[in-house]
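One structure below.
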Amino acid sequence: MEKITSLAKRRGFVFQSSEIYGGQNGAWDYGPMGVELKNRIAAAWWKEMTQLHDDIVGLDAAILMHPRTWEASGHVENFTDPLVDCKKCKARFRADQIPPENLAAKKCPECGGELTDTRKFNLMFKTHIGPAEDSASIIYLRPETAQGIYVNYKNIIQSNRMKIPFGIAQIGKAFRNEIVTKNFIFRTCEFEQMEMQFFVKPGTDEEWFNEWRKRRWAYYEKLGVKMDHLRWHQHGPDELAHYAKDAYDIEYLFPMGWRELEGVHNRTNYDLNRHTQYSGKDMQYIDQDNNNERYIPYIIETSAGLTRNLLMILCDAYDEEQVASEKNSGGSEGSADDWRTVLRFHPSLAPVTVAVLPLMKKDGLAEMAQDIRKELKEDFATDYDQGGAIGRRYRRQDEAGTPFCVTVDYQSKEDHTVTLRFRDSMEQARVPIAELAARLRQEIKSYKRIK
Ligand code: ATP
């Protein structure tokens, strides 16, 4: 994880928030490469959920919601973590994350000092709206995006004539006052979620739950994630959230071990029942195709962290390998014991898709490379680099996860071809400039991860 954290900073993926003031715990900033990667992960999920599913529509609800929402959802009462402190070293732990024997003996796992009793700690950030700081002005930062979907479900049925079964997808920020934030961006106080709520007829919920488990698994396969680094974890009775009938996590093998990446939950009709109760509004669905049958739908939720997905994609893509000498290496790189760090992003996720590199700055090669870049820019995320030996420039692009490099050399001037160099195999092909864009499109479409 240290290597990934340092590469993320060095290459402009992720910076510590407010670093010049010593950093802000639980918050991170996404740099030029990070924001591109995050946007592409979000776009891949959005496409999967909305474009590829006729029965799912999108939503972007406000972060600030009426405070009654969180009473109805059960978050005011139940969204707590068990907290213990060490009286000696002042370390703070989540009681469910330390060894049970330490908890039983009230012994600090770090210094052996005495632990306090376990107390409940609500994870919602509370603030005030308006000028008065009294109890009437309390408002929460949403701890999940899901509730924005539930309170809009009737609006969406009416405005978009949706019929059950159907889904609503949303990507947005969520906030949790996490007790322990470690492992880089894995668990943070401010993060982003990609959630989809699928509304179904009661009695069909188990079938849809299994269907969504299958679809979410297939999604990660399509993204080229190492499938032996993914597994299912079913929530036991003591892990199930207050609203859930059944829940499975997709776990990923992060450098610190297996951890939750995404949850698939059968939330029953709990949320809509509660909103009926708290708002006094009728949340029933009227099935016009079925004698106006009325019922409160069940909800199957798929809930993934966007920022946690970004960490997963970084870990999954990270590789170090020993490489033999490379053609066009310019002599100063590529000896037999050369090592490279490479991020094997799927080309559809890579922040830069293609880098254009003139072999030399002189003799018109730079101008020719700039022209090629200009052409490619309309359709691809491009980079241009003319500094240093070509081998070193390839390494820089490998480390940034750029899947394709185009090198312009003296032959290019004669026959209007360029070298297309592939990040994963480091193989090179000679391609006519006129065919470059089509070739890149085809390579992206047929991409298969080889390592
Ligand atoms: P945990 O029990 O680990 O605190 P959770 O089971 O409460 O997490 P969910 O409420 O199911 O998590 O959240 C859905 C998804 O949102 C998670 O799978 C994760 O990807 C993401 N997520 C939740 N909390 C955080 C956080 N603090 N930082 C980053 N991502 C988070």
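So the sequence shown is numbered by my numbering: it starts at 70 and just counts up by one. All C-beta atoms in this analysis are idealised placements derived from N, C-alpha and C, irrespective of residue type, glycine included.
Proximity test, residue i beta-carbon vs the ligand ATP heavy atom, cut-off 7 Å
i           : result
residue 238 : no
residue 374 : yes
residue 149 : no
residue 103 : no
residue 330 : yes
residue 262 : yes
residue 213 : yes
residue 300 : no
residue 371 : no
residue 257 : yes
residue 282 : no
residue 336 : no
residue 518 : no
residue 285 : no
residue 24  : With the chain running from 70 to 520 in the structure shown, residue 24 is simply not present.
residue 230 : no
residue 377 : yes
From the options, residue whose alpha carbon lies closest to that of residue i
i           : options            : result
residue 102 : 293, 501, 419      : 419
residue 151 : 140, 158, 165      : 165
residue 331 : 316, 494, 345, 501 : 316
residue 191 : 144, 223, 95       : 144
residue 281 : 161, 478, 333, 268 : 333
residue 340 : 138, 284, 471      : 138
residue 249 : 85, 167, 123, 302  : 167
residue 238 : 478, 450, 116      : 116
residue 312 : 84, 146, 114, 129  : 146
residue 355 : 94, 363, 329       : 363
residue 490 : 436, 425, 434, 90  : 425
residue 372 : 72, 193, 215, 194  : 215
residue 407 : 464, 439, 417, 383 : 464
residue 132 : 304, 193, 178      : 193
residue 455 : 448, 449, 437      : 437
residue 605 : 385, 493, 452, 217 : The requested residue 605 is not part of the displayed model; the chain covers only 70 to 520.
residue 440 : 466, 505, 310, 496 : 505
residue 73  : 171, 254, 130, 88  : 254
residue 521 : 495, 383, 310, 181 : There is simply no residue 521 to check, as the chain begins at 70 and stops at 520 in what is shown.
residue 246 : 434, 496, 492, 93  : 93
Cβ-Cβ separation, residue j to residue i (assumed contact under 8 Å), whole Å
i           : j           : result
residue 473 : residue 422 : 7 Å
residue 244 : residue 259 : 5 Å
residue 185 : residue 153 : 6 Å
residue 353 : residue 365 : 6 Å
residue 118 : residue 296 : The Cβ separation is near 21 Å, so there is no contact.
residue 415 : residue 516 : 6 Å
residue 269 : residue 367 : 5 Å
Cβ neighbour criterion (16 or more within 10 Å) applied to residue i
i           : result
residue 427 : buried
residue 459 : buried
residue 306 : exposed
residue 213 : buried
residue 401 : Low per-residue confidence applies at residue 401: pLDDT is 43, beneath 50, and the placement is therefore not dependable, though the value from the model is reported in the following sentence. So residue 401 ends up on the exposed side.
residue 403 : Residue confidence is low: residue 403 scores 47 on pLDDT, short of 50, so the model does not pin down where it sits. Its coordinate-derived value is still stated next. Answer is buried; the Cβ neighbour count reaches 16.
residue 507 : exposed
residue 510 : exposed
residue 301 : exposed
residue 241 : buried
residue 292 : buried
residue 387 : buried
residue 188 : exposed
residue 344 : buried
residue 397 : Its pLDDT being 48, under 50, residue 397 is placed unreliably by the model, and nothing is read from it.
residue 155 : buried
residue 412 : buried
residue 261 : buried
residue 374 : buried
residue 480 : exposed
residue 97  : buried
residue 405 : Note that residue 405 scores a pLDDT of 48, beneath 50, so its modelled location is shaky; the value from the coordinates is reported in the next line. Burial call: exposed.
residue 161 : exposed
residue 370 : buried
residue 393 : exposed
residue 177 : buried
residue 75  : exposed
residue 219 : buried
residue 469 : buried
Test: residue i CB closer than 8 Å to a CB of chain E
i           : result
residue 218 : Given the protein chain composition of this structure (a single chain), no chain E is represented.
Residue i CB to nearest heavy atom of the ligand ZN below 7 Å
i           : result
residue 247 : This structure lacks the ligand ZN; the ligands present are the ligand ATP.
Stretch pair the stretch 101-121 + the stretch 373-383: three plus CB contacts closer than 8 Å: Flag = yes, the stretch 101-121 and the stretch 373-383 touch.
Contact the stretch 224-238 vs the stretch 75-82: 3+ CB pairs below 8 Å: Because the criterion of three Cβ pairs below 8 Å is not met, the stretch 224-238 and the stretch 75-82 do not touch.
Stretch-stretch touch, CB-based, cutoff 8 Å, three pairs: the stretch 501-508 with the stretch 471-485: Per the Cβ contact rule, the stretch 501-508 is in contact with the stretch 471-485 (3 or more Cβ pairs under 8 Å).
Stretch-stretch touch, CB-based, cutoff 8 Å, three pairs: the stretch 126-140 with the stretch 208-228: Cβ pair count under 8 Å is three or more, so yes.
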